[in-house]
Structures are given as C-alpha cells and as structure tokens.
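Here the structure is laid out as structure tokens; the discussion comes afterwards.
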Amino acid sequence: TPPPACYSPSPSCGVSSAVERLLYTQRVAGSNPVPRTITSLRGIGAVLARADTNAMFFKTRKRVLLLEDDPSMQRLVAKILGREGFRVDVFLTGRQAIAAVKSAAYDVLLLDLMMPHEGGMTVIRHFRMNDPAMLKRSILFTASPDSLIDALSGEVPTVVQKPFQPQQLIDAVRRMSQQ
1186 TPPPACYSPS PSCGVSSAVE RLLYTQRVAG SNPVPRTITS LRGIGAVLAR ADTNAMFFKT
1246 RKRVLLLEDD PSMQRLVAKI LGREGFRVDV FLTGRQAIAA VKSAAYDVLL LDLMMPHEGG
1306 MTVIRHFRMN DPAMLKRSIL FTASPDSLID ALSGEVPTVV QKPFQPQQLI DAVRRMSQQ
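For the sequence shown, our numbering assigns the number 1186 to the initial residue and increments by one for each residue that follows.
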C-alpha cells in the first residue's frame, strides 16, 4: 500500500508534536512504531551505509568475569568497572564461573581466592589442567596472605590486593584486557 499522503512536517499535515514529526519523517506509524519495508535497492544501500557508520562509532565492551562472594564488593567492583566501559558478570562459585567461561568469551577473569565454597582456587586448578592460556587473563582479587599469592604468581600475572584503590583495579583490568 502506498504511504499516507502527508510525510512532511508541514503545518498543513496536522502534525502537532516533535514525536509525531519524527514518526512522519522516519516513515513509521502506530502506537508502537515499526519501520516500513524498504522497497528499493537504493534504500537498502542507505541502510547498510548507516549500519557501517554506526559500527565504527560503537565498540564492543570488554567482558570481565568477577568471582566474588561478598555482595557489597560485587556491587562496588561492578560499578567501578562499569563506569570505565567494562561489562561485568558476577558469579558466586567457581563452578558457575567455569561454566560461564565455557559459554562466553571473557577478556579478563577477576578471581577472589578466599571464599567459603568453590572460589578462585577451584577456577585456577581447572584452568591449570584444561586451559592454561586462560590463566594469563586472570587477576587475583584477594586479601590472601602474601605467601599464597607468591605461590601463584608464576601462573597468574596480576594481583589486586584488598583493600584496593579504584584506579589500581581499573589499571589492572585495562592492562589485562588489552593483551
């Protein structure tokens, strides 16, 4: 069916608001506007050109897996890293974190070592046996004693000790995500 006769934002059209003007100029209609089907090849080219332009401006967010049992620490880390443009997925157990890594690509693994159940050590043991390269993307996020951290320093390249400064965490995650 041909489009309605009035698609211009002229006063004779009866368009009364900026939203209605946008709907008319973008050729959408209804209470839940849906773009109309493009019927010419010229229109398809314009849409594809816009999609390519948008792809240049919007980068994908780096993904961070956070294994942490303390809810306040989860919120704090997610907020700090989220403001810096990272997408943070939070997990409570090592088993959940391992399953998540199998189903999604993470740029950084932020692992708390000292947890009541399956913590960062569970994840480290798993990757030590199954995928040692993943350990190179890991950051220990812990208040553990230095002796334990020293024992793991050969496998896990970065440690952020609690309590931490926000910039220290941001810098460590940014460095790890760029590798």
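Built from N, CA and C at the ideal position, the CB exists for glycine as well.
Alpha carbon to alpha carbon, what distance is there between Thr1307 and Asp1297?
-> Asp1297 and Thr1307 have their alpha carbons spaced roughly 10 Å apart.
Measure the beta-carbon distance from Leu1266 to Val1273 and round it to whole angstroms, keeping in mind my assumption that it falls under 8 Å.
-> So it is a contact: roughly 5 Å between Cβ atoms.
Assuming Leu1320 contacts Leu1251 under a Cβ cut-off of 8 Å, what Cβ separation, rounded to an integer in Å, is found between them?
-> About 16 Å separates the two Cβ atoms, so there is no contact after all.
Collapsed DSSP secondary structure at Leu1354 in the structure displayed = DSSP places Leu1354 in helix when its eight states are reduced to three.
Could you check how far apart the C-beta atoms of Val1293 and Arg1268 are, in whole angstroms? I think they sit under 8 Å.
-> Incorrect: roughly 16 Å between the Cβ atoms, too far for contact.
Minimum C-alpha distance to Asp1316 - residue among Thr1343, Val1286, Ser1362 | Checked all of Thr1343, Val1286, Ser1362; the closest Cα to Asp1316 is Val1286.
Starting from Gln1346 and walking both ways along the beta strand (DSSP E), at which residues does that stretch end?
-> For Gln1346, the enclosing beta strand (DSSP E) starts and ends at 1343 to 1346.
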